[in-house]
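Structure first, then comments.
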Amino acid sequence: MPELNRRSFLRAASAASATTLLGARIHALTAAQAEPAAAVAANDRIQIALIGAGGQGQGDTRTALQVLGVKLVAVADCYSGRLDHCKEVWGDDLFTTRDYSEILARKDIDAVIIATPDHWHKQAAVDAMKAGKDVYCEKPMIHLYADGPEMIEAARASGRILQIGSQRVSSIIYAKAKELLASGAIGQLNMVTARWDRNSAIGAWDYTVPPDASPETCDWPRFLGTAPKIPFNAEQFFQWRKWKAYGSGVAGDLFVHLFSGTHFITGSNGPTRGMATGGLRFWKDGRDVPDVMLGLFDYREGFNLSLHVNFVDGGEESEGLIFTGSEGTMEIAGNTVTVNRVPREREPGYTINTFTRATQKAFLEKYREKYSVTYPDGPPAVGMERYVAPAGYSDSYDHFENFFNSVRKRKQPVEDATFGFRAAGAALLSNLSMDRGAIVNWDPDAMKLA
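Reminder that position 384 of the sequence shown reads as 384 in full-length UniProt numbering, one-by-one numbering, no gaps.
Here is the structure:
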């Protein structure tokens, strides 16, 4: 389906329709509030640049360019082959460079997408905001805890928009889940269980190394930045997520999405303490981060969060969250959110049948005086409600649309630096806990290790 027609369809999808399927009530969700304008005024057009043109960066750019009134004019990357490819995709008139400062010096660029390795996020974002550019920065926002306050201050001092790229915050599925939880759909929340399991080489960050990789085609010194200075290593250049010097492991790549979603839905600022365990079970290729990680976190709101990522899942790859409450569960899987309620038995348990008839009679008389019969005609049927996004729905598109709306209207982004720091800070507790072999305390309000 052509993109404009797809967007029109998503916005026209009815929220009112509902059908019954296998005992569940199925509801269609609306993908957006209103039809987008047919044209964008010249002074509302946004010219962007990409800093970091790997798989994530190019994917982000393709999505960003689906938003009306957005044009790509420049790309920076440390590998010549990616710069050449960007010209193949977006035209020979595209300005390309290895040095992103050349992009920031241009007056015709309004905003940048930062999709560099994690250890470059802070510096690139701060430099861009100081140069007067609005910033969409990929998650995790930080590589080190010290990065967070500096990025927050740079956004405040410059008055620029800084949005972090955990797209679940813009998802209509997560918005519905937030609404359901707040309405008491599952009672009092007591536990959240979340997972992100994979079963592929690319899922385990074993990305392709091009045959022409060399110190000539790759700007190795610029790539290293603040990382330890070592001789050129093509695997570390192209598969950087596998090393702590450049990435943040599964915590920064995937846990952070699960934290972002949990915090958005619950309204929490984050956990007060956490611990993690795991190890390297299969991908023993020289990486220094785990391929299996489990984390447990305490929240002062009265619930616990349990996370796991497994890059050695021999079954089906899966991602999802389950919110467990006193009156039901709410599960997010793919583009659906399902609420399931199974009434709790409130009558005396089966052990009453082990008493004498006289004791049973006396007990029930006193019990009925204190408690009315909860379900005189037997417990009600199990209740299930399922909410489904339209076919082809993309929360990534919505996240970029929200970003560009913030740029045009100069309003606070849907995922600002404070939210992004709280999600990334919580996620990186897992790495600290594994390194220390101990529980780590965190102040989610002050955003500091406690």
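No residue lacks a Cβ here, since even glycine has one placed at the ideal position from N, Cα and C.
For this session: Please list, in chain order, all residues of the same chain as ARG273 whose beta carbon is under 6 Å from its beta carbon, the five residues on each side excluded.
Result: Apart from sequence neighbours up to five positions away, the residues of its chain that approach ARG273 with a beta-carbon distance below 6 Å are ASP298, ILE439 and ASN441, ordered along the chain.
Problem set entry | Those residues which DSSP pairs with CYS137 across a bridge | DSSP lists ILE114 and ILE164 as partners of CYS137.
Problem set entry | Three or more C-beta pairs below 8 Å linking the segment 239-257 and the segment 102-118 | In short, these stretches touch, since the Cβ pair count reaches three.
Exercise. To which residues of the same chain is TRP205 closer than 7 Å at the C-beta, ignoring the five residues directly before and after it?
Worked result: Excluding residues up to 5 positions away in sequence, GLN239, ARG241 and LYS242 lie with their Cβ nearer than 7 Å to the Cβ of TRP205 in the same chain.
Exercise. Sorted by chain position, which residues of the same chain lie with C-beta nearer than 8 Å to CYS218's C-beta, five sequence neighbours on each side aside?
Worked result: Result list for CYS218: CYS78, TYR79, SER80, PHE232, ALA234 and PHE237, in chain order.
Exercise. With C-beta atoms as the reference, is ARG386 less than 8 Å away from ASP44?
Worked result: Not a contact, by the Cβ cut-off of 8 Å.
For this session: On the DSSP bridge assignment, give the partners of TRP196 in chain order.
Result: The beta-bridge partner set that DSSP reports for TRP196 consists of VAL309 and GLU319.
Exercise. Can you tell me the Cα-Cα spacing of PRO210 and GLU327, whole angstroms?
Worked result: Taking the straight line from one Cα to the other gives about 53 Å.
For this session: Note the first and the last residue of the continuous beta strand (DSSP E) segment covering MET293.
Result: Run containing MET293: 292-298, per the beta strand (DSSP E) assignment.
Problem set entry | Proximity below 8 Å, CB of VAL126 to CB of ASP197 | Taking 8 Å as the Cβ cut-off, VAL126 and ASP197 do not qualify as a contacting pair.
Problem set entry | Whole-Å CB distance - ASP416 paired with GLN163, under 8 Å assumed | That pair is a contact at about 7 Å.
Problem set entry | Rounded separation between ASN335 and TYR393 - CA only | Whole-angstrom Cα-Cα distance: 8 Å.
Exercise. Does the Cβ-Cβ distance between VAL289 and VAL312 come in under 8 Å?
Worked result: Against a cut-off of 8 Å, the Cβ pair of VAL312 and VAL289 comes out as no contact.
Exercise. What three-state label does DSSP hand GLN412 in the structure shown?
Worked result: In the three-state reduction of the DSSP assignment, GLN412 falls in the coil class.
Exercise. By how many angstroms is the C-alpha of LEU428 removed from the C-alpha of MET141?
Worked result: Going by the C-alpha atoms only, they are around 11 Å apart.
For this session: Would you check if there are 3 or more beta carbon pairs closer than 8 Å linking the segment 85-94 to the segment 66-74?
Result: When Cβ pairs closer than 8 Å are counted between the two stretches, the segment 85-94 is seen to touch the segment 66-74, the count reaching three or more.
Exercise. Is it right to say residue 502 is buried, meaning 16 or more other beta carbons lie within 10 angstroms of its own, or is it exposed?
Worked result: The question about residue 502 has no answer, for the chain in this structure spans 1 to 450.
Problem set entry | Beta-carbon contacts of ALA450 that lie in its chain and below 7 Å, excluding the five residues immediately before and after | ASN441, TRP442 and ASP443, listed in sequence order.
Problem set entry | Any 3 or more C-beta pairs closer than 8 Å across the segment 144-161 and the segment 127-134 | A contact exists between the segment 144-161 and the segment 127-134.
Problem set entry | Where ALA155 sits in the DSSP three-state scheme | The answer is helix: DSSP assigns ALA155 an H, G or I state.
Exercise. In whole angstroms, what separates the C-alpha of VAL112 from that of ALA426?
Worked result: Cα-Cα distance, rounded: 26 Å.
Exercise. Do GLN167 and ASP395 have their C-beta atoms within less than 8 Å of each other?
Worked result: Taking 8 Å as the Cβ cut-off, GLN167 and ASP395 qualify as a contacting pair.
Exercise. By Cβ distance below 6 Å, which residues in the same chain neighbour LEU21 in space, the five residues on each side in sequence not counted?
Worked result: Residue placement at LEU21 is flagged as unreliable, the pLDDT there being 41, under the threshold of 50; the coordinate-derived value follows with that caveat. Closer than 6 Å at the Cβ level, and outside the excluded window around LEU21, lies no residue.
Problem set entry | DSSP bridge partner residues for PHE232 (one or two, in chain order) | DSSP, once it has assigned bridges, lists no residue as partnering PHE232.
Exercise. When the Cα of GLY315 is compared with those of ASN199, GLU216 and ALA276, which residue comes out closest?
Worked result: Checking every option, the nearest Cα to that of GLY315 belongs to ASN199.
Problem set entry | Simplified DSSP state of GLY420, which is helix, strand or coil | GLY420: helix per DSSP, three-state reduction.
Problem set entry | Cut-off 7 Å between Cβ atoms - residues of its own chain near GLU401, not counting five sequence neighbours on either side | If we look at GLU401 and ignore the five residues flanking it on each side, its Cβ neighbours are VAL67.
For this session: Consult DSSP for LEU94 and reduce its assignment to one of helix, strand or coil.
Result: It is coil, neither helix nor strand.
Exercise. Helix, strand or coil for LEU449 per DSSP?
Worked result: Here DSSP, grouped into helix, strand and coil, assigns LEU449 to strand.
For this session: Quickly, what does DSSP pair VAL339 with across the bridge? List them, please.
Result: Beta-bridge analysis with DSSP links VAL339 to MET330 and GLU385.
Exercise. How close, in whole Å, do the beta carbons of MET431 and GLY249 come, if the pair is a contact with beta carbons under 8 Å?
Worked result: In the sequence on display, residue 431 carries Asn and not Met. About 6 Å; that satisfies the 8 Å criterion.
Exercise. On the three-state DSSP scale, how would you describe LYS244?
Worked result: Of the three classes helix, strand and coil, the one that applies to LYS244 here is coil, per DSSP.
Problem set entry | Backbone CA spacing between PRO271 and ALA423 [nearest angstrom] | A direct Cα-to-Cα measurement between PRO271 and ALA423 gives close to 10 Å.
Exercise. How many angstroms separate the CA atom of THR351 from the CA atom of LYS370?
Worked result: Cα to Cα, the separation comes out at about 19 Å.
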